[in-house]
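What follows is a short report on a single structure.
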Amino acid sequence: MSKQAAPVKKNETITLTFEDLTHEGNGVGKIGGYPLFVPYALPGEEATVKVVKVNKNFGFGKLLEVKQSSKDRVEPPCNVYYQCGGCQLQHMSYDLQLQMKHNQVKSVMRKIAHLDHVPVHPTIGMDDPWRYRNKVQIPVGERDGELITGFYRMRSHEIIDDMETCVIQDELNDRSVHAVRRIANRLGIKAYDEKKDRGVLRHIMVRTGRETNETMIVLITRTEKLPHKEELIRELTETFPHVKSIVHNINNKRTNVILGRKTNVIWGEEYIYDTIGDIRFAISAKSFYQVNPPQTKKLYDKALEYAAIGSDDVVIDAYCGIGTISLFLAQKAKKVYGVEIVPEAINDAKKNAELNGITNAEFVVGEAEKVMPQWKAQGLNPDVIVVDPPRKGCEVDFLQAMIEMEPKRIVYVSCNPSTLARDLRILEDGGYETLEVQPVDMFPQTGHVECVSQIVRRDV
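Structure below.
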C-alpha cells in the first residue's frame, strides 16, 4: 500500500481556519483532515500561514497574517514577547488561557487515565495575572562594550538586549536587575563570555518576599573574586533600602547550570522571609520556594480540603521540598513525616518548622520509594499521603509503596497533567478511586498548569 502524501508542501503559503489549541497553546487547523500546528493562532481565526515542516501525520506552520481575528486575541504588553519564548500565551485573553488549561487536564484524564467520569473543575486563576514571579535569574552579556541583561531569544543563547522589563516579574526584581547592571557597568565589571569561558558576571538573581518586600540580590560570577565588591554593595544598599541580603555565588564551570556550589553572603542576612497564609518561610539563595505565593495558597487550601485531616491523623508528605505543604498539614494533623532527596531542602524544612513553632513535623533525607517501605516495616501506617513530584511524575516503585501502605486518602499535587494522568491510572488499578481534579493557574501567560487531585481507597 503506497504511503499517502501530506496535502501540503514545505514553504507553501496557504489560508487556514483554526479550530482548536494544542497543550502548548499553538493553533490547530486542518487541510483535508491533516492537522497543522501554528504558534500564536487562535480558534475561530482565519489566517495566511507558511508551511515550515511536514511530517507524515501532522505539520507545522508560521503565522503570516490574521485575516479574521478571534475576540480572544489581545495585544501582548511585553515588547519582546514574540522573541523571548518565556511566555507562550500573552496573545490570548486570560479567560481563554484558563479554558485551555482546563481542556488540557480534561483531555489527559480521558485519553491517558481513562477517567472520563471524574469531575475536572474550572481552572482557578488570578485576579491580576501579571507581575507574579518572586524570583528572576537573568543572564548578563556585553554589546559594544556595555553590559546587557535579558532573557535568551527563543531556541538560542543570544540575549535579547532591548528587553525593557519582564511583565510577569515582580517590579522590585526588575528594578534591582537594572540597578546591578548599571552600577556594574560603571565600575567596569566584565560580563562572562560563555564561548571563550572568560569574564566575570554570569547571571543576576533576585528574590523578593511578596508579603514582606524583603529582597535578596545574588551575583553569580565565574571568578572567586568579585571586583569592586565594596562599591557595588554600598551603591546597591543606598539605592534600595528593602535589600536585606547580597550574596556572591561562584560558578567556574562551563555549564548551563546557573548556580555554582560555593555561596558567600557578602552583605546582610543569609535569609529573606516571606509568608504564605500564616506560615513564615526563610528563603536562602538556593532554597526552592514557589514563585507565585498567592496561587500557592489557593493550591494548598485545596490540597488541605482534599486531605480532610483529623486531629488524630498521621500524614506523609512525599517530595516535601522545604516543607511548604508539610507545615500547613501539621497545623491539622497529629504527626507529619516529610521525605525529600535534596539534603539542603530538608535543612530548610527543619528550619521553617522551628521558625513557626511546629513540633509535630519530622523530615528525612532520602528517596521516597526507599524510605516509605522502611517506614511501613517500622509500623508507620499513614491515614493520608500527599505527593508533589517533579514533572516526570512518580516512580512506579513509589506508587507501589504508597498502595501497599494503604492510606485512606491520597492527595496528588502535579505540575504535569500527562504524568499525573498516567500515575492516577496506576493508583486506580491498585484499589484507589479519583474523586475530583482541580487545575490551578500557577504560571499565567505560560502553557503550564498545576493540578491537585483527591484520591480515596475504595474499601474505605
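In this text, residue positions in the sequence shown follow the UniProt record's numbering: the first is 1, and each later residue adds one.
Glycine is no exception: its CB is placed at the ideal position from the N, C-alpha and C atoms.
If you check the CB distance, His203 and Val118 do not come in under 8 Å.
Rounded to the nearest whole angstrom, the C-alpha separation of Val384 and Glu305 is 12 Å. Cβ-Cβ separation between Ala191 and Leu147: approximately 6 Å, consistent with a contact (criterion under 8 Å).
Thr212 sits in coil when the DSSP states are folded into three classes, being neither helix nor strand.
Here Glu433 is not near Arg409, since their CB atoms are 8 Å or more apart.
For Leu232, the enclosing alpha helix (DSSP H) has its first and last residue at 229 to 239. Within the same chain, Cβ atoms closer than 7 Å to the Cβ of Ala330 are found at Val336, Ile358, Asn360, Ala361, the five residues on either side in sequence being excluded. Annotation for Ile410: the continuous beta strand (DSSP E) segment containing it runs 409 to 414.
For Lys335, the enclosing beta strand (DSSP E) stretches over residues 335 to 340. Just measuring C-alpha positions, the residue of Leu355, Gly27, Gly32 sitting nearest Val38 is Gly27.
Short of 6 Å from the beta carbon of Asp162, and not among the five residues preceding or following it, lies no beta carbon of its own chain. Take the alpha-carbon of Gly59 and the one of Ala303: they are about 40 Å apart. Taking C-beta separations shorter than 6 Å and ignoring five residues to either side along the sequence, the partners of Asn292 in its chain run Tyr132, Met442, following chain order.
A straight-line Cα-Cα distance of about 35 Å links Glu340 and Asp197.
DSSP places Val437 in the uninterrupted beta strand (DSSP E) bounded by 432 to 440. Where Thr255 is concerned, there is no enclosing alpha helix (DSSP H), because DSSP gives it neither an H nor an E. Take Glu75, set aside five residues on each side of it, and no residue of its chain has a beta-carbon closer than 7 Å to its own. In this structure, Asn251 sits away from Arg280, with a CB-CB distance that is not shorter than 8 Å. Counting C-beta atoms within 10 angstroms of its own C-beta, Lys101 has 16 or more neighbours from the protein chains shown and is therefore classed as buried. For Tyr34 against Pro7, the beta-carbon gap comes to about 5 Å, under 8 Å, which counts as contact.
Per DSSP, the unbroken beta strand (DSSP E) holding Leu147 starts and ends at 146 to 149.
Partner residues in a beta bridge of Phe58, as assigned by DSSP, do not exist. Out of Val387, Val386, Gly430, the CA that lies nearest to the CA of Glu404 is found in Gly430. For the pair Ile266 and His242, the CB atoms are not nearer than the 8 Å cut-off.
Proximity of the region 101 to 116 to the region 415 to 428 meets the contact definition, three or more beta-carbon pairs being nearer than 8 Å. Judged by DSSP in its simplified three-state form, Asn264 adopts strand.
A residue is called buried once 16 or more other Cβ atoms fall within 10 Å of its Cβ, and Gly379, having fewer, is exposed. In this structure, the alpha-carbon of Lys262 lies about 43 Å from that of Ser93. Nearest Cα to Leu187 within the set Glu224, Met216, Gly145: Gly145. If you draw a straight line from the Cα of Phe240 to the Cα of Asn185, it is about 18 Å long. If you draw a straight line from the Cα of Glu235 to the Cα of Pro77, it is about 31 Å long.
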